[in-house]
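Residue numbers (UniProt numbering): 45 to 391.
Each residue gets a CB set at the ideal place from its N, CA and C atoms; glycine is no exception.
Beneath this line is the structure, given in structure tokens, with notes to follow.
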Ligand code: AHG
Ligand code: MN
Ligand code: MN
Ligand code: MN
């Protein structure tokens with residue numbers, strides 16, 4: 045057991061998960077779900093690395109419930125996540141960007157955890173081999189609302205699944221993402237700090253490389269799709285204009301723009317370097333583009349665990365009670381001072 049003050053760098057992910065169980069941060073069933081997710085991430089990392097070689101680039105020819113044209117790897121990654129979570133025997137309900145409605149798991153053996161996930165984030169980048177990722181959040185199942193296949197109609201089962209899944213982000217018991225980039229990095233929190241693990245493919249295991257990540261309190265990098273500028277509110281335009289003259293310290297070095305169009309990649313850089321990532325609402329889409337349940341809430345959980353912020357422009361994302369599984373919210377996250385500065389323009 046790592047002694048106080050002793051670094052845990054180099055610890056394998058599977059060992060770290062067992063340490064979290066020993067610390068009572070998670071129970072055994074949750075530990076099994078996390079191990080299963082790490083296997084799904086390794087499989088997706090391998091698929092993404094080989095996409096161009098194995099004919100897995102391009103469109104699947106279907107649309108998802110959000111009206112997006114699914115990439116082949118959106119569908120394949122979704123299958124990997126769904127099968128892995130189902131076969132873990134510890135998840136009661138799963139919800140995915142690529143599933144119209146939440147799915148009740150008949151193979152639940154224990155734990156009854158709820159897992160919400162974006163199996164492949166930034167998938168528009170996959171054909172150009174630009175960073176993509178997977179995002180997930182885990183909730184305790186609602187023991188008063190367990191779907192019963194034997195006695196309930198499909199509509200009743202679905203209603204119970206939606207109720208299990210539509211929980212505010214402050215109920216999350218863990219959240220994480222895996223970034224498929226020049227390195228494959230799994231970043232996770234079980235409510236006791238944020239840890240990053242880099243995949244050592246020679247060993248086939250994620251090894252701890254980032255211990256208790258802390259987002260810098262401020263940072264002069266902003267990450268927005270400025271192509272939408274004309275559709276933003278006047279307040280947001282003023283905010284964005286001010287960054288070009290140094291932001292809150294006017295007359296100093298202006299901010300740098302960094303935007304790759306994969307939330308996981310833009311978020312991971314913001315976690316390490318500081319600054320702000322934003323996907324605002326605009327005249328065309330007042331609630332923005334990102335989905336609350338499996339993008340904004342898990343990332344806000346991680347941001348807050350790392351001493352940063354996750355806001356919808358007026359308040360904490362984690363306080364928002366989802367009404368719909370695929371509900372979108374405006375999203376701003378990163379350094380606390382940068383998010384507060386943005387919010388001052390949104391009043
Ligand atoms: P997904 O690929 O899971 O649908 O998510 C795409 C999201 C997010 O990853 C990214 O930050 C954003 O869409 C990019 O949107 P724009 O192309 O409109 O900037
Ligand atoms: Mn998508
Ligand atoms: Mn996404
Ligand atoms: Mn996606």
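{"Asked": "Near ligand 3: residue 142 beta-carbon under 8 Å from a heavy atom", "Found": "no"}
{"Asked": "Cβ contact check for the segment 120 to 140 and the segment 204 to 213: 3 or more pairs under 8 Å", "Found": "yes"}
{"Asked": "Beta bridge counterpart(s) of residue 372 as assigned by DSSP", "Found": "335"}
{"Asked": "C-alpha gap between residue 116 and residue 105, whole angstroms", "Found": "8 Å"}
{"Asked": "CA nearest to the CA of residue 197, picked from 148, 318, 270", "Found": "148"}
{"Asked": "Simplified DSSP assignment, three categories, for residue 134", "Found": "coil"}
{"Asked": "Secondary structure, beta strand (DSSP E): runs of 3+ residues fully inside the segment 285 to 350", "Found": "320 to 323"}
{"Asked": "Residue 220 CB to nearest heavy atom of ligand 6 below 8 Å", "Found": "Summarising the ligand content, the structure contains ligand 1, ligand 2, ligand 3 and ligand 4 and does not contain ligand 6."}
{"Asked": "Residue 82: first and last residue of the uninterrupted alpha helix (DSSP H) it sits in", "Found": "72 to 94"}
{"Asked": "Assumed close pair residue 355, residue 376 - CB separation to whole angstroms, cut-off 8 Å", "Found": "5 Å"}
{"Asked": "Enclosing alpha helix (DSSP H) for residue 183 [first to last residue]", "Found": "Note, residue 183: premise wrong, no alpha helix (DSSP H); beta strand (DSSP E) at 176 to 183."}
{"Asked": "Proximal residues to residue 55 (C-beta, below 8 Å), its chain only, five neighbours per side dropped", "Found": "46, 63, 251, 252"}
{"Asked": "Local conformation of residue 124 per DSSP, three classes", "Found": "helix"}
{"Asked": "Where residue 92 falls, given that 16 or more other Cβ within 10 Å makes a residue buried", "Found": "buried"}
{"Asked": "Where residue 361 sits in the DSSP three-state scheme", "Found": "helix"}
{"Asked": "Assigned secondary structure, residue 172 (DSSP; H/G/I helix, E/B strand, else coil)", "Found": "helix"}
{"Asked": "Contacts around residue 127, its chain only, beta-carbon distance under 6 Å, and the 5 residues preceding and following it disregarded", "Found": "none"}
{"Asked": "Collapsed DSSP secondary structure at residue 352 in the structure displayed", "Found": "coil"}
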